Each structure stands twice: as structure tokens, then as C-alpha cells.
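A short write-up of the structure that comes next.
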Amino acid sequence: MTSEISLSTVPAHTRHGSNIGQPLTRRDGVLKVTGAATYAADNHPEGMLFAVMATSSIARGRVVALDVDAAKAHPGVVDVMTPAHKPELAMDPDAKTNPFMFRLDLLQNDLVRYAHQPIAVVVARSLEAATEGAALLAPRYEEEPARVGLDADESFEPAAIGIGSPARIERGDVEAALARAEHRLEATYETPAQYHNAMEPHAIVAAWDGDTLSIDTPSQGLAMAQGRLAGLFGIAPENIHIRSPFLGGGFGSKGLVSGPQVLGIMAAKLVGRPVKLVLRRDQMYGPVGHRPPTRQTLRLGFDGEGKLSALHHHAKTVSSTFDDFFEPAADISHTLYAAPAILTSHEAVRADIGTPLFMRAPGEATGSIALEGAIDEAAFACGMDPLAFRLKNYAEVEPISGKPFSSKALRECYRQGAERFGWSRRTIEPRKMRDENGYLVGWGMGTATFPALMFQAEARAVLRRDGSGVMETGAHDMGQGAWTALAQIAADALGLDLDRTEFRAGTSDLPDAGIAGGSAHTATAGMAIHNAGADVVAKLAALATGDERSPLFGAGNAGVVAREGRLHRRDDESRSEGYGDILARAGLAQIEGKGSAAPDPSVQETYAMHAHGAVFAEVKVDPDLGQVRATRLVGAFAAGRVINPRMVRSQFYGGMIWGISFALHEHAVMDRRSGRILNADLAEYHIPVNADVPSLDALMIEEHDPHVNALGIKGVGEIGITGSAGAVANAVWHATGVRVRHFPIGLDDLL
Ligand code: MOS
1 MTSEISLSTV PAHTRHGSNI GQPLTRRDGV LKVTGAATYA ADNHPEGMLF AVMATSSIAR
61 GRVVALDVDA AKAHPGVVDV MTPAHKPELA MDPDAKTNPF MFRLDLLQND LVRYAHQPIA
121 VVVARSLEAA TEGAALLAPR YEEEPARVGL DADESFEPAA IGIGSPARIE RGDVEAALAR
181 AEHRLEATYE TPAQYHNAME PHAIVAAWDG DTLSIDTPSQ GLAMAQGRLA GLFGIAPENI
241 HIRSPFLGGG FGSKGLVSGP QVLGIMAAKL VGRPVKLVLR RDQMYGPVGH RPPTRQTLRL
301 GFDGEGKLSA LHHHAKTVSS TFDDFFEPAA DISHTLYAAP AILTSHEAVR ADIGTPLFMR
361 APGEATGSIA LEGAIDEAAF ACGMDPLAFR LKNYAEVEPI SGKPFSSKAL RECYRQGAER
421 FGWSRRTIEP RKMRDENGYL VGWGMGTATF PALMFQAEAR AVLRRDGSGV METGAHDMGQ
481 GAWTALAQIA ADALGLDLDR TEFRAGTSDL PDAGIAGGSA HTATAGMAIH NAGADVVAKL
541 AALATGDERS PLFGAGNAGV VAREGRLHRR DDESRSEGYG DILARAGLAQ IEGKGSAAPD
601 PSVQETYAMH AHGAVFAEVK VDPDLGQVRA TRLVGAFAAG RVINPRMVRS QFYGGMIWGI
661 SFALHEHAVM DRRSGRILNA DLAEYHIPVN ADVPSLDALM IEEHDPHVNA LGIKGVGEIG
721 ITGSAGAVAN AVWHATGVRV RHFPIGLDDL L
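With full-length UniProt numbering, letter number 587 in the sequence shown gets 587, and the count goes up by one each step, no holes.
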């Protein structure tokens with residue numbers, strides 16, 4: 001892995017002001033490696049008790065008996081929360097008034113809807129006592145057979161998929177185009193259920209003071225969490241104080257408040273003391289979301305020169321019996337290849353499983369491995385190099401909408417990535433390359449893409465007479481480095497050095513920074529910060545330029561520039577005045593500004609906005625044992641402006657490793673009789689370790705986007721997984737000549 005980052009490796013286009021574009025190390029790094037960073041479960045308020053959930057061992061039925069007396073007889077147990085004994089809620093946990101309000105299991109009745117559903121909560125003076133108390137409940141069930149998997153029940157077309165897009169979209173006439181096509185290819189790919197497995201499990205420490213609630217809990221969306229909890233408990237959102245300075249990973253599973261987090265708050269209310277509730281690892285395989293399995297059929301029509309005429313991407317997926325998250329797996333085919341006729345369609349079944357949820361690149365991750373596989377198959381059917389095939393079908397406008405791209409440096413990603421990888425030395429035929437030890441060598445590629453999204457956010461800026469500044473927004477650092485990258489934007493927005501800029505984030509008492517999801521947090525919170533800085537600087541400039549005692553008198557707002565704590569005249573940079581002097585003369589201790597960010601509907605109507613990339617992978621396969629090793633990956637990504645190249649590169653690495661994981665390691669194995677996940681722990685739920693990732697390279701391709709937002713940021717959190725999974729799978733085919741269409745690819749598939 002290349003890990004050194006120096007200023008000379010920072011592309012010039014990323015520089016903006018003096019802080020944006022710098023490869024700074026994370027500001028929270030020392031806190032984290034020394035253990036000084038306090039995660040939610042590290043907070044132990046006075047008098048705190050410990051809660052442990054009892055969770056269902058069946059997937060469908062009802063709880064007919066719980067031995068509450070036995071649990072209560074335990075000397076350390078304080079109380080047992082059950083459907084019959086719990087605080088009243090102000091709202092039915094099964095009510096849903098918007099698509100982001102997911103139904104929760106809060107002990108509302110004795111029904112069991114999935115394995116590991118919470119069925120009781122034991123509160124005790126120690127974690128051990130609570131754990132023993134939960135075991136003493138010895139639940140008895142009336143069990144019904146679990147409906148599991150992609151064939152659980154009759155399928156249907158969902159009313160909406162993902163975050164509300166139509167399940168079926170067609171441009172042109174796909175059936176007619178397929179009928180006319182010189183070549184047709186149909187391939188069905190299956191992807192397994194996957195679980196987020198953040199290092200930090202969902203956890204909460206909750207304390208009530210009358211109608212005021214203080215909680216420590218990891219959250220990717222503080223304001224949404226506040227709103228959801230306000231509804232459930234019937235209190236004002238401003239009476240809810242959430243601290244979430246550090247998350248040990250989220251990946252989408254902490255985007256919305258989960259049932260267990262609410263149960264912790266209910267338990268605290270029940271016993272009238274602060275309560276801590278932390279999920280055990282196996283309890284994360286039920287109530288906190290997952291990536292559902294998919295079965296995807298690709299139908300491609302193309303001519304002998306490799307030109308696509310039709311593309312049908314159909315995806316079947318699974319949701320729960322009681323809520324409506326549907327993985328939008330086929331939607332990636334809207335964007336990537338210029339087929340004149342495109343149809344994307346979705347169907348789903350309902351199974352006895354916890355409701356699936358957004359998991360890093362929801363839709364794009366699952367859809368990409370299938371689409372990139374089918375494209376690889378089509379290229380070989382034409383006897384073409386897979387890169388040449390992709391270039392032949394390069395989309396100059398967004399295929400599904402016909403809109404121009406706000407920017408698209410994908411050609412450059414292909415070119416630079418292929419060159420760095422050495423792609424031109426690849427054989428077209430599979431099973432033709434060997435290394436010095438006789439291992440089969442395969443080279444594969446995939447195209448990466450992810451939409452450039454933006455949500456709504458607000459920020460507050462302060463400049464002080466002592467020459468320092470403050471920027472506040474309730475942003476979330478899931479580990480991606482938001483605390484650092486957003487502080488860089490803040491320092492430039494305030495015209496201050498970073499060490500004069502105090503950046504406050506991670507609590508719900510600050511302005512709403514929007515949800516940290518959809519790879520949109522830097523763009524969203526960053527634009528609010530940028531605008532708040534512009535607002536406070538404009539106010540300061542007005543003080544100076546309107547005052548004849550200032551050297552800036554008469555320059556006008558547009559006539560000054562903020563830099564290193566001073567305002568300078570644009571027409572004569574030697575004439576400047578420090579912030580402190582301006583404020584002192586005006587008799588002010590500080591001056592305040594506000595900013596907000598929101599997607600611009602007119603830009604959205606005009607342009608298709610996506611980040612792009614190209615990933616090239618090498619695998620080596622033992623010809624006798626079928627064991628696969630991903631030996632080398634090169635990704636080249638164009639995602640607009642890079643705020644901090646060190647952190648952006650880490651995001652690409654993380655995504656690419658997730659791609660290796662998707663292709664070769666990761667899956668949740670379900671026991672079809674019980675509906676339980678059998679490998680619900682980090683020992684048996686395989687994800688890559690360092691030995692599985694010998695060499696990664698991520699190139700940042702220059703891309704200036706004048707449309708996405710004023711800072712030109714597209715987002716880098718999720719794109720790395722797309723393209724990478726397909727590249728690895730295609731490399732396995734190229735090594736072995738065996739096309740495996742289900743994942744992860746195992747050695748038994750190759751023998
Ligand atoms: Mo992401 S799945 O938007 O946290």
C-alpha cells in the first residue's frame with residue numbers, strides 16, 4: 001500500500017485557500033490511538049445502571065412465557081422491562097409518517113418478526129448481573145416456520161425503492177432492441193446478505209432529568225435522531241441533547257435511530273436512573289439493519305463491434321414483513337453505459353428478517369458487481385478487451401435521462417488507472433497468465449460510480465476580537481475524518497489559519513449538519529460552513545469598508561479578501577487590516593454569521609451529477625486448491641475537489657477493500673430452519689485482514705466541477721466499493737476461465 005502523502009503529491013487543483021487541499025493528519029488521531037477519545041459507551045454518569053437485551057431465538061411467532069420472577073430474584077437485577085411493564089410512548093413504534101421513519105421493535109407486543117428481535121430488557125447494577133438476568137428469562141415461544149431468503153414468498157414490485165425512486169424505469173424499447181440485437185447475453189448474478197459490522201456496536205447511555213433527555217450514542221444523523229426521539233417520547237426536540245463526537249464506524253447502520261437505542265432510553269425512564277445499553281455482536285444481526293441479498297438478471301443486446309443496443313437490469317431483493325426498505329440494485333444501470341434502450345426493474349419478497357437498511361453504497365454496491373460482470377461477459381463474447389468495450393459504450397450524457405454530466409473525468413480514470421496497472425499487457429483469453437510459482441494470474445476491471453448528492457445543513461460562524469474564530473455545525477465523524485476535512489473548509493471560510501479556528505461538531509445542540517450518508521457529508525456540511533464563513537466575513541468587511549478610519553475604507557465587500565486573520569484590498573493587497581482591529585474599533589467582542597446548504601433544484605434538473613472511477617485488479621489462484629488471493633488493486637477516481645488528499649485516499653482504500661470483501665470474503669449464512677444468522681460474530685463473518693490486501697493504489701484524478709456546489713465537492717465515501725468488487729470477480733474469471741455468478745467466490749466454485 002502506498003501511504004506516504006506529501007504536498008508534492010497533492011494535485012494542484014485541490015488547493016483552494018490555504019487549508020483546503022492539504023494532506024493533514026486527523027485532528028482526532030492522537031485521541032483515538034491513545035484511548036482518550038470517548039465513545040458513547042465510555043460515558044458513565046453517576047448512578048448508572050446496565051441494561052442487557054434478551055433477544056428472540058426464533059424468527060417468527062410469539063413469546064408465550066418469560067420467567068421475569070427468576071430474573072428479578074437475581075441479587076443484582078433492578079428491573080425487567082417487558083411488553084407488560086414498560087414506560088408509555090407518545091407514538092406507536094409501528095407508525096410511519098415518512099419513508100425515513102422505520103418501524104421499531106420496542107416491546108409493543110409479544111410478536112416475534114425476526115431472529116434477534118428484542119423481547120425484554122434487564123436492568124441491573126452490573127453488566128454481568130444484567131447478562132445473567134437476561135439468561136434467566138428463559139423465553140418460551142409459539143413458533144411458526146420462518147420464511148427466509150429470496151424465494152420466501154410471492155414476489156411483488158415495490159411502490160418505491162431506495163430513498164423513494166421508482167422501481168421500474170425505461171428509456172427506449174428494450175424488448176424490441178433486444179429482439180433486433182446481433183448478440184444477446186443473459187446472466188443472473190446473486191449477492192448475499194451482508195451486515196455492517198461496525199467496530200463499535202450500537203450503544204447508548206441515556207439519562208433523564210424530568211422531561212429533558214441526555215444521551216450519548218453514535219449517530220450519523222443527529223437532527224433526525226432528535227426528531228424521531230421527540231416523537232416517540234412526546235417531548236420537544238430541543239429537550240433532547242445527543243452527544244456523538246466519535247463513531248466507531250457507521251456505514252449506514254447508524255443513519256437512523258435503531259430500536260435498541262430507544263430501548264435504552266425507555267429503560268432509563270423505567271428505573272429513573274441513567275442506563276447504558278450496548279449491543280452484543282450477535283445482537284447486531286437483527287434489529288439494526290443489513291444489506292439484503294439480491295438476485296439480478298442482466299440482459300444485454302450488442303453488435304459484433306461491441307456496441308450496446310439494449311440493457312435490462314432486473315433486481316430481486318428481500319425486505320422484512322413489516323417495513324419497506326428495498327435495495328435499489330438495478331439503478332446503477334441508469335448511469336454507466338450508453339445503451340439507447342435501458343430498462344431497470346425491481347421486485348421483492350418479504351421474509352422474517354429484520355428490516356434491511358442502507359449499507360455503504362446501497363444499491364450501487366450490489367448492482368455494480370452484477371453489471372460489471374455482465375459487461376465483462378459481453379466484452380469477451382465480442383472478443384474484445386474489457387476496457388475497449390467500456391470505451392466503446394462510454395456515456396457522453398447520462399443514458400437514462402439524456403442530461404449532460406456536470407463533469408465526468410472517467411476517460412482519464414480509465415487511462416491513468418490502466419497505465420499505472422499495466423493493463424495493456426493483459427491477454428484477452430482467460431487462464432493464459434501464470435506467475436513464477438505456477439499460480440494462475442487474472443486481471444479484471446470495473447467501472448466505479450456514485451451519485452454526487454447534497455442534503456440540507458446549517459452552520460454558525462464567529463470571529464473574535466483576539467483573532468480566533470469558531471465554526472459550529474453538528475457534523476458526524478464516523479472515522480472518515482470529517483472533524484479534520486470540515487475544519488479545513490472552516491478555516492478557509494473564515495480566512496484563518498487552522499490553529500486559530502475552533503471547529504465544534506458532534507452534538508445535537510449545534511446547527512443541523514444534515515445526515516452523514518450518501519457520500520454527501522463533506523459537500524453538505526462543507527457548503528453550510530463555507531456560506532457561514534462568507535456571511536461573517538461579509539459582516540466584518542462591511543464594518544471596515546464603511547469606516548473611514550480603516551485602510552479598507554471604500555473597497556466594497558467584493559473588494560476585499562480574507563486571509564490569515566486579515567482583510568486585504570483586492571486592488572492593493574498591501575492595504576489590509578486585522579480582524580481584531582476591525583472589531584475593536586467597532587467596540588465588538590465578536591461578530592457572528594450563519595450559513596446554510598441545500599441542493600439546488602435547477603442544477604439538479606439540468607445536470608446529471610456523479611463521481612466516477614476505474615478499478616483494475618489482479619488475483620492469483622492456486623490451480624490445485626482453488627484458493628484466490630487479490631494481489632494488487634489500482635483505482636483511479638474522479639470525484640471533484642479533494643479537501644484532504646490523505647483522508648480521501650483512505651476513503652478510496654476503504655471502499656476498495658470492501659470490494660475485495662464483497663467478491664471474496666463476506667456473507668451472512670442463514671440457518672433456513674431458524675431464520676438465524678449462523679456466523680454472527682467477527683470470527684466467522686469474514687472480512688479482509690491485512691494479509692488479504694497486499695497492494696492498493698488509489699489515484700485522485702483531476703476534476704473541476706463548476707455545478708455540483710460552489711466548492712466543487714462530489715463525495716468519496718462510497719464510490720470505492722463500486723467497480724472494485726466487479727474488478728476482483730472479473731479477475732477471478734480471467735485467471736481461471738470459470739465465471740462465478742454468486743458471491744463471495746469460494747474455492748469450491750473454482751475446482
Ligand atoms: Mo451510507 S450507506 O449513506 O452511511
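In this text, a Cβ means the ideal position worked out from N, Cα and C, and glycines have one as well.
These figures come from a predicted structure and were not determined experimentally.
Within its chain, find whatever has a CB closer than 8 Å to the CB of Arg148; leave out the 5 residues flanking it on each side and keep chain order. Along the sequence shown, read from residue 1 onward, the residue named residue 148 stands at position 148. This sequence places Val at residue 148; Arg is not what is there. Within the same chain, Cβ atoms closer than 8 Å to the Cβ of Val148 are found at Ala59, Ala351, Asp352, Ile353, Met670, Arg672, Gly675, the five residues on either side in sequence being excluded.
Close Cβ partners of Leu583 (< 8 Å) along its chain, the five nearest in sequence each way excluded: Against the sequence shown, residue 583 aligns to sequence position 583. Excluding positions up to five away in sequence, the list reads Leu463, Arg464, Arg465, Leu540, Leu543, Ala589, Gln590, Ile591.
Cα separation between Gly444 and Ala516? Your numbering for residue 444 matches position 444 in the sequence shown. Your numbering for residue 516 matches position 516 in the sequence shown. A direct Cα-Cα distance of roughly 32 Å separates Gly444 from Ala516.
Excluding the five sequence neighbours on either side, which residues of its own chain have a C-beta within less than 6 Å of the C-beta of Arg26, listed in chain order? For the purposes of this step, residue 26 is taken as the residue at position 26 of the sequence shown. If we look at Arg26 and ignore the five residues flanking it on each side, its Cβ neighbours are Gly481, Thr484.
Alpha carbon to alpha carbon, what distance is there between Gln283 and Asp151? Indexing the sequence shown from 1 puts residue 151 at position 151. Indexing the sequence shown from 1 puts residue 283 at position 283. One C-alpha to the other measures close to 25 Å.
Please state whether the Cβ-Cβ distance between Ala379 and Pro386 is less than 7 Å. What you label residue 379 is simply residue 379 of the sequence shown in a count that begins at 1. What you label residue 386 is simply residue 386 of the sequence shown in a count that begins at 1. Here Ala379 is near Pro386, since their CB atoms are less than 7 Å apart.
Lining residues of ligand 1 - beta-carbon closer than 7 Å to any non-hydrogen atom, in sequence order: Taking every residue with its beta carbon within less than 7 Å of a heavy atom belonging to ligand 1 gives, in chain order, Gln220, Gly250, Phe251, Gly252, Gly255, Phe358, Met359, Arg360, Ala361, Pro362, Ala516, Gly517, Gly518, Ser519, Gly717, Glu718.
Given a cut-off of 7 Å on the beta-carbon distance, is the pair His734 and Gly446 in contact? One-based indexing of the sequence shown puts residue 734 at position 734. One-based indexing of the sequence shown puts residue 446 at position 446. For His734 and Gly446, no; Cβs fall outside 7 Å.
Give me, in chain order, the residues of the same chain whose beta-carbon lies closer than 6 Å to that of Leu127; leave out the 5 immediate sequence neighbours on both sides. Mapped onto the sequence shown, residue 127 falls at position 127. Phe50, listed in sequence order.
Under 8 Å Cβ to Cβ from Asp153, same chain only, skipping five residues before and after it: list those, please. Taking the first residue of the sequence shown as 1, we reach residue 153 at position 153. Its chain contains Arg147, Val349, Arg350, Ala351 as the residues whose beta carbon lies nearer than 8 Å to that of Asp153, once the 5 sequence neighbours on both sides are disregarded; these appear in chain order.
Run of the beta strand (DSSP E) containing Met224, from where it starts to where it stops: Here residue 224 corresponds to residue number 224 of the sequence shown, with the count starting at 1. Not the beta strand (DSSP E): Met224 falls in the alpha helix (DSSP H), residues 222 to 233.
Near Met478, which residues of its chain fall below 7 Å by C-beta distance, leaving aside the five closest residues on each side in sequence? The count along the sequence shown starts at 1 and reaches residue 478 at position 478. If the five residues before and after Met478 are omitted, its C-beta is found closer than 7 Å to the C-beta atoms of Gln220, Leu247, Gly249, Gly250, Ala516, all from its own chain and listed in chain order.
Any idea if Thr34 is buried or exposed, counting beta-carbon neighbours within 10 angstroms, 16 or more meaning buried? Numbered from its first residue, the sequence shown carries residue 34 at position 34. Exposed is the call here.
Alpha helix (DSSP H) segment containing Pro386, residue limits: Here residue 386 refers to the residue found at position 386 of the sequence shown. Segment 386 to 392, the alpha helix (DSSP H) holding Pro386.
Using DSSP bridges, identify the partner residues of Val628. By one-based count along the sequence shown, residue 628 stands at place 628. According to DSSP, which records beta bridges pairwise, Val628 is partnered with Val621.
Grab me the residues of Glu472's own chain with a C-beta within less than 7 Å of its C-beta, minus the 5 sequence neighbours each way, in chain order. On the sequence shown, position 472 is the one that residue 472 refers to. For Glu472, where only same-chain residues beyond five positions count, the Cβ hits under 7 Å are Ala459, Arg460, Arg504, Leu510, Pro511.
If you reduce the DSSP assignment to three classes, tell me which class Phe358 lands in. Taking the first residue of the sequence shown as position 1, residue 358 is located at position 358. Correct three-state label for Phe358: coil.
When burial is assigned at 16 or more other CB atoms within 10 Å of the CB, is Ala95 buried or exposed? What you label residue 95 is simply residue 95 of the sequence shown in a count that begins at 1. It is exposed - the Cβ of Ala95 has fewer than 16 other Cβ atoms within 10 Å.
Suppose you measure from the CA of Pro192 to the CA of Pro293; what does that come to, to the nearest Å? Your numbering for residue 192 matches position 192 in the sequence shown. Your numbering for residue 293 matches position 293 in the sequence shown. Going by the C-alpha atoms only, they are around 4 Å apart.
Distance check for Ile240 and Ala729, CA to CA, integer angstroms please. By 1-based counting over the sequence shown, the position of residue 729 is 729. By 1-based counting over the sequence shown, the position of residue 240 is 240. Rounded to whole angstroms, the separation of the alpha carbons of Ile240 and Ala729 is 47 Å.
Return yes when the Cβ of Gly367 is within less than 7 Å of the Cβ of Ile332, no when it is not. Residue numbering aside, residue 332 sits at position 332 when the sequence shown is read from its first letter. Residue numbering aside, residue 367 sits at position 367 when the sequence shown is read from its first letter. A contact, by the Cβ cut-off of 7 Å.
List the endpoints of the continuous alpha helix (DSSP H) containing Phe421. As a position in the sequence shown, residue 421 is number 421, starting the count at 1. Counting along the chain, the alpha helix (DSSP H) containing Phe421 begins and ends at 410 to 421.
Would you kindly work out how many angstroms separate the C-alpha atoms of Arg741 and Leu664, rounded to a whole number? Residue numbering aside, residue 741 sits at position 741 when the sequence shown is read from its first letter. Residue numbering aside, residue 664 sits at position 664 when the sequence shown is read from its first letter. Approximately 12 Å between the Cα atoms of the pair.
Residue from Arg390, Val123, Pro139 whose Cα sits closest to the Cα of Ser56: The residue given as residue 56 occupies position 56 in the sequence shown. With distances taken between Cα atoms, Ser56 lies closest to Pro139.
Within the region 256 to 300, ranges of the beta strand (DSSP E) (whole runs, at least 3 residues): Within the region 256 to 300, the runs of beta strand (DSSP E) that reach at least 3 residues and sit entirely inside it are, in chain order, 275 to 278.
Out of Gly737, Ala725, Leu751, Gly21, state which residue places its alpha-carbon closest to the alpha-carbon of Pro744. Walking along the sequence shown from the start, residue 744 turns up at place 744. With distances taken between Cα atoms, Pro744 lies closest to Ala725.
Taking Gly506 and Ala457 to be in contact with their CB atoms under 8 Å, please state how far apart those CB atoms are, rounded to whole angstroms. The residue you call residue 506 lines up with position 506 of the sequence shown. The residue you call residue 457 lines up with position 457 of the sequence shown. Actually they are not in contact, since the Cβ atoms of Gly506 and Ala457 sit about 14 Å apart, beyond 8 Å.
3 or more residues per run - each beta strand (DSSP E) lying fully within the region 654 to 706: 696 to 700, all fully within the region 654 to 706.
Going by the beta-carbon positions, is the gap between Ile643 and Gln488 smaller than 7 Å? The residue you call residue 643 lines up with position 643 of the sequence shown. The residue you call residue 488 lines up with position 488 of the sequence shown. In contact: Ile643 and Gln488 (Cβ atoms closer than 7 Å).
Where do the N-terminal and C-terminal ends of the alpha helix (DSSP H) with Ser602 fall, by residue? Translated into the one-based positions of the sequence shown, residue 602 becomes position 602. Where Ser602 is concerned, the enclosing alpha helix (DSSP H) stretches over 601 to 606.
What are the boundary residues of the beta strand (DSSP E) that Val80 is part of? Taking the first residue of the sequence shown as 1, we reach residue 80 at position 80. Where Val80 is concerned, the enclosing beta strand (DSSP E) stretches over 77 to 81.
Under 7 Å, do Pro93 and Gln108 count as touching if we go by C-beta distance? As a working mapping, residue 93 is identified with position 93 in the sequence shown. As a working mapping, residue 108 is identified with position 108 in the sequence shown. Yes, they are a contact pair.
Just how far apart, CA to CA, sit Gly613 and Leu699? Residue numbering aside, residue 613 sits at position 613 when the sequence shown is read from its first letter. Residue numbering aside, residue 699 sits at position 699 when the sequence shown is read from its first letter. Here the C-alpha atom of Gly613 lies approximately 9 Å from the C-alpha atom of Leu699.
What is the DSSP secondary structure of Asp216, reduced to helix, strand or coil? Translated into positions along the sequence shown, residue 216 becomes position 216. Of the three classes helix, strand and coil, the one that applies to Asp216 here is strand, per DSSP.
Contact under 7 Å by Cβ, Ala134 with Val52: Residue numbering aside, residue 134 sits at position 134 when the sequence shown is read from its first letter. Residue numbering aside, residue 52 sits at position 52 when the sequence shown is read from its first letter. Annotated as proximal: Ala134 and Val52, with beta-carbon spacing under 7 Å.
My output table needs one value for Gly373: the three-state DSSP class, helix, strand or coil. To locate residue 373, count along the sequence shown from 1; it is residue 373. DSSP places Gly373 in helix when its eight states are reduced to three.
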